[in-house]
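Student: Shown below is the structure under consideration.
2 protein chains.
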Amino acid sequence: MGTVSKALNGTGSLREETRRHVRETAERLGFVADARARGLVAGRTYTVGFLTTDSFGRFMLPILMGAEDALSVGQIAVILADTRDDHAREQHLLRSLRSRRVDGLIVTGRTTDARDPLDVDIPVVHAFAPSNDDSAPAVLTDEAGAARLVVEHLLAIGRRRILHVTGPERHRSSRVRAEEVRRVAGEALVGEPMFGAWSEEWGLRAIDLALASGLEFDAVCAGSDQIARGVLDRLRERGLSVPADVAVTGVDNWDVMALAARPALTTADLCLAEIGRRSGEMLLDLVEGRELSEQRVVVPPRLEVRGSTV
Amino acid sequence: MGTVSKALNGTGSLREETRRHVRETAERLGFVADARARGLVAGRTYTVGFLTTDSFGRFMLPILMGAEDALSVGQIAVILADTRDDHAREQHLLRSLRSRRVDGLIVTGRTTDARDPLDVDIPVVHAFAPSNDDSAPAVLTDEAGAARLVVEHLLAIGRRRILHVTGPERHRSSRVRAEEVRRVAGEALVGEPMFGAWSEEWGLRAIDLALASGLEFDAVCAGSDQIARGVLDRLRERGLSVPADVAVTGVDNWDVMALAARPALTTADLCLAEIGRRSGEMLLDLVEGRELSEQRVVVPPRLEVRGSTV
DNA sequence: GAAAGGTACGCAAACGATTGCCTGTCCGGA
DNA sequence: TCCGGACAGGCAATCGTTTGCGTACCTTTC
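Protein chains in written order, with our numbering: chain A, 2 to 311; chain B, 2 to 311.
Written out as structure tokens, the structure is:
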């Protein structure tokens, strides 16, 4: 047993011939070492939990994939845990993850509103959804940066009357971005930010409201691609031309929306896969006991310029 | 150790007082039994792999969630494995899953084209994406049934000139549904099924093509909600009223598309979560050595009637 | 030819649970 | 008083690895 273990793991001092023989025999018999037993000795499981407070959705997926990529480097598998926003369910899942002795946890959620810290004694990295505990390791998106990116772009192409249509005011995301839009646009912001919902329907209605109240604007900075798409549709229906009369921007770079829009949508990509990747790397560092170079990483968004502004 | 084990698991013969004492102490110390060690003895890991041949996407999510629900009943956790359609990656992931001694595998993919069977010696259930091996346990969607559902609905509301706009002909999904549309619609099918792409853009273009070639139709049966949405947009732009002049149906019941469409889209829901749930249940039966009541389950689609047809 | 030194391999403990079996204690009955 | 039986709980083997240490054998050198 000992010799086989050493041969397969390249440890100990064995003749090359012996190693080869063991490896070939293992191959022939289809033997693969049992990761549990190995983990039992090593004091690790080479497994982490991916805990999402909301259901899995469009935002979770790229993060999950990025994390999986980064963790696979450390031979780590990902166990899913979806709390469905239910506290009892979360407790139950955490218990299950603890019994499985996961090496660490990536915690995420649909909104960027902060969540209460978890009471666990293993490394935790927050991805996308921040923790109330500011000192907890986290990889976050730059909400304000996304807003800045699109507004500066609109200003750069000469727009001076910008309308801001965004999601519900109760979401931190909407508030932070609206504040940044106000700051960067300054005089160029037309009226007040219009808070509503993260839906196409709100985009449609917001344009109706804006036109009805006689606002004049040459750009709409929408809080999401879905809102932007509603905005684009209604502008077209009202006979306004995009981008000639009105330029439109979104946030998310959700291909289904941004590419199907007519014209295709200029938008801020939040680089969710990158957030996932960095989270995975950070957790890997923590699990393997390395010092973190930074506790808190903010992934800068990226501007994707398409036909709706140029 | 033995006594504690018996107390916590409710086995052996112990005084009730002893059990209570052990449980309370465990609670106080935050002790949770190590699932690995338990599995080592039990010969199981209470863990299954979720292997998706394509990346995770919109189709995978509901299936995954359904499966997670069903499996959580058996205290089973799900390990993700995303092959990204790369054979080498698949082999590597399978090796990792084998070394983790997962109790079983759920295999799925984005398309309903059949895939080659896996060479593994644990229970496998195919979900959504069938296997080439017809005898393999599987939970599938009823492609033809979805087509029948919408066509029968269109016939029932009195439409007699139905246009069929669908995805690429190389996808089994398009072919099977087109065949069923032809069979059920009979005389009522206008021209040939129009194969294209699973995109809004194709929906737009297909209507242009149909109108240009002088086809007359009072209904469009689209192969997906995305196509249907393109169809709806272009019909409106061409001055045709939906559903008065033309009724439109989709397939998928993808809320983002179906609810944002104007009018909201009548569509066939493939009940993906149900497919996931049934797959999970089936795998649980296999893992726990129970006889399967049926090797092959077909989940019937459900018609969701909305404004685009009534 | 014998001792010294080095290399390759085997042995056994340990990781953290479960479980069958054995033992000790207590009770009741003869 | 002694024995039998029932019940509670402790002991140790087991699952499949890793790893440090001991040992056998081979080589080299005087």
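Every residue gets a Cβ at the ideal spot worked out from N, C-alpha and C, and that includes glycine.
Can you tell me which of the three DSSP states R16(B) falls into?
Tutor: Position 15 of the second sequence holds residue 16(B). R16(B) falls in the coil class under three-state DSSP.
Student: How would you write the range of the beta strand (DSSP E) that T142(B) sits in, first residue to last?
Tutor: Numbered from its first residue, the second sequence carries residue 142(B) at position 141. Where T142(B) is concerned, the enclosing beta strand (DSSP E) stretches over A139 to T142.
Student: Can you check whether the C-beta of T46(B) is within less than 8 Å of a C-beta belonging to chain A?
Tutor: Here residue 46(B) is taken as the residue at index 45 of the second sequence, counted from 1. With 8 Å as the cut-off, T46(B) counts as an interface residue toward chain A.
Student: With I228(B) as the anchor, note down where its alpha helix (DSSP H) starts and where it stops.
Tutor: Position 227 of the second sequence, counting from 1, holds the residue named residue 228(B). Unbroken alpha helix (DSSP H) run through I228(B): D226 to E238.
Student: When you compare the CB of E202(A) with every CB in chain B, is at least one pair closer than 8 Å?
Tutor: Walking along the first sequence from the start, residue 202(A) turns up at place 201. Output row for E202(A): interface = yes.
Student: Run through DSSP, which three-state label would T267(B) get?
Tutor: In the second sequence, the residue the question calls residue 267(B) occupies position 266. Strand, per DSSP.
Student: According to DSSP, is D135(A) helix, strand or coil?
Tutor: Your numbering for residue 135(A) matches position 134 in the first sequence. Coil, per DSSP.
Student: The beta strand (DSSP E) that contains I163(A), what's its start and end?
Tutor: Mapped onto the first sequence, residue 163(A) falls at position 162. Start and end: I163 to T167.
Student: If you drop the 5 nearest sequence neighbours on each side, which residues of the same chain put their C-beta closer than 6 Å to that of N254(B)?
Tutor: As a first step, residue 254(B) must be located in the second sequence, where it is residue number 253. Within the same chain, N254(B) has close Cβ partners T268, D270 and E305.
Student: Answer with yes or no whether the minimum CB distance from M66(B) to chain A is below 8 Å.
Tutor: Residue mapping note: residue 66(B) aligns to position 65 of the second sequence, counting from 1. For M66(B), the answer is yes, since a Cβ of chain A falls inside 8 Å of its Cβ.
Student: Measuring straight from C-alpha to C-alpha, what distance separates E144(A) and E28(B)?
Tutor: What you label residue 144(A) is simply residue 143 of the first sequence in a count that begins at 1. What you label residue 28(B) is simply residue 27 of the second sequence in a count that begins at 1. Between E144(A) and E28(B), the C-alpha separation is close to 41 Å.
Student: Who are the neighbours of R235(A) on chain B, taking C-beta pairs under 9 Å?
Tutor: Position 234 of the first sequence holds residue 235(A). Per Cβ cutoff of 9 Å: no residues; R235(A) is ~10 Å from chain B at best.
Student: Using CA atoms only, rank isn't needed, just tell me which of S225(A), V185(A) and D219(A) is closest to A198(A).
Tutor: The residue given as residue 198(A) occupies position 197 in the first sequence. Comparing Cα positions, the closest option is S225(A).
Student: Going along chain B, which residues have a C-beta under 7 Å from L81(A)?
Tutor: Residue 81(A) sits at position 80 when you count from the first residue of the first sequence. By Cβ distance, chain B contributes E69, V79 and L81.
Student: Roughly how many angstroms lie between the CA atoms of R230(A) and M258(A), to the nearest whole one?
Tutor: In the first sequence, residue 230(A) corresponds to position 229, counting from 1. In the first sequence, residue 258(A) corresponds to position 257, counting from 1. Rounded to the nearest angstrom, the two C-alpha atoms are 7 Å apart.
Student: With burial defined as no fewer than 16 other Cβ atoms inside 10 Å of the residue's Cβ, what is the status of M2(A): buried or exposed?
Tutor: Taking the first residue of the first sequence as position 1, residue 2(A) is located at position 1. Per the 10 Å Cβ criterion, exposed.
Student: Assuming contact is defined by CB atoms lying nearer than 8 Å, are V300(B) and I276(B) in contact in what I supplied?
Tutor: For the purposes of this step, residue 300(B) is taken as the residue at position 299 of the second sequence. For the purposes of this step, residue 276(B) is taken as the residue at position 275 of the second sequence. Closer than 8 Å, so yes.
Student: Which one of P169(A), S174(A), T167(A) and T310(A) has the shortest CA to CA distance from L141(A)?
Tutor: By 1-based counting over the first sequence, the position of residue 141(A) is 140. Considering only alpha carbons, the answer is S174(A).
Student: Using CA coordinates, which residue listed in P138(B), D286(B), G146(B) and L62(B) is at the minimum distance from R111(B)?
Tutor: Translated into positions along the second sequence, residue 111(B) becomes position 110. When only C-alpha atoms are compared, the closest one is L62(B).
Student: Using DSSP with H/G/I as helix, E/B as strand and the rest coil, what is V257(A)?
Tutor: Counting from one through the first sequence, the residue named residue 257(A) turns up at place 256. Helix at V257(A).
Student: So is G251(A) in contact with chain B if we call contact Cβ pairs under 8 Å?
Tutor: Here the question's residue 251(A) lines up with position 250 in the first sequence. Not one chain B Cβ lies under 8 Å of G251(A).
Student: Which runs of the beta strand (DSSP E), 3 residues or longer, sit entirely within the stretch 43-84 of chain B?
Tutor: Entirely contained in the stretch 43-84 of chain B, the beta strand (DSSP E) runs reaching 3 residues are, in chain order, 48-53 and 78-83.
Student: Is it right to say R235(A) is buried, meaning 16 or more other beta carbons lie within 10 angstroms of its own, or is it exposed?
Tutor: Locating residue 235(A) in the first sequence gives position 234, where the first residue counts as 1. Classification for R235(A): buried.
Student: State the start and end residues of the unbroken alpha helix (DSSP H) segment that holds V177(A).
Tutor: Here residue 177(A) is taken as the residue at index 176 of the first sequence, counted from 1. Taken as a continuous stretch (DSSP letters only), the alpha helix (DSSP H) holding V177(A) covers R173 to A186.
Student: Is the beta carbon of V177(A) closer than 8 Å to that of V221(A)?
Tutor: Reading the first sequence from its first residue, position 220 is the one you call residue 221(A). Reading the first sequence from its first residue, position 176 is the one you call residue 177(A). No, Cβ-Cβ distance for V221(A) and V177(A) is not below 8 Å.
Student: Please classify F32(A): is it buried, with 16 or more other beta-carbons within 10 angstroms of its beta-carbon, or exposed?
Tutor: Working through the first sequence from its first residue, we reach residue 32(A) at position 31. Exposed, since its Cβ has fewer than 16 Cβ neighbours within 10 Å.
Student: My output table needs one value for M2(B): the three-state DSSP class, helix, strand or coil.
Tutor: Here residue 2(B) is taken as the residue at index 1 of the second sequence, counted from 1. Of the three classes helix, strand and coil, the one that applies to M2(B) here is coil, per DSSP.
Student: Note down, in chain order, every chain B residue with its Cβ under 9 Å from the Cβ of D35(A).
Tutor: The residue labelled residue 35(A) in the question sits at position 34 within the first sequence. Here the neighbours are L41, S100, R101 and R102.
Student: Could you check which residue in I208(B), G251(B) and L260(B) has the C-alpha nearest to that of E238(B)?
Tutor: For this step, residue 238(B) is matched to residue 237 along the second sequence. The candidate whose alpha carbon is nearest that of E238(B) is I208(B).
Student: Grab the span of the beta strand (DSSP E) containing G105(B) for me, first residue to last.
Tutor: Within the second sequence, residue 105(B) is the residue found at index 104, counting from 1. Where G105(B) is concerned, the enclosing beta strand (DSSP E) stretches over G105 to T109.
Student: May I have the straight-line CA-CA distance separating R184(B) from T113(B), to the nearest angstrom?
Tutor: The residue labelled residue 184(B) in the question sits at position 183 within the second sequence. The residue labelled residue 113(B) in the question sits at position 112 within the second sequence. Distance between the alpha carbons of R184(B) and T113(B): 21 Å.
Student: Can you give me the start and stop residues for the alpha helix (DSSP H) that V288(B) sits inside?
Tutor: Sequence index remark: in the second sequence, residue 288(B) carries index 287 (1-based). Looking at the DSSP string, the run of the alpha helix (DSSP H) that includes V288(B) is L273 to V288.
Student: Tell me whether R37(A) sits in a helix, a strand or coil according to DSSP, three-state version.
Tutor: Indexing the first sequence from 1 puts residue 37(A) at position 36. Helix at R37(A).
Student: Considering L304(A), what are the terminal residues of the beta strand (DSSP E) in which it resides?
Tutor: Locating residue 304(A) in the first sequence gives position 303, counting from the first residue. Element bounds for L304(A): R303 to E305.
Student: Can you name the start and end residues of the beta strand (DSSP E) that R297(A) belongs to?
Tutor: The residue given as residue 297(A) occupies position 296 in the first sequence. Looking at the DSSP string, the run of the beta strand (DSSP E) that includes R297(A) is R297 to V300.
Student: Run through chain B and tell me which residues come within less than 8 Å of F57(A), C-beta to C-beta.
Tutor: Reading the first sequence from its first residue, position 56 is the one you call residue 57(A). Those within 8 Å of F57(A) in chain B are L62, L65 and M66.
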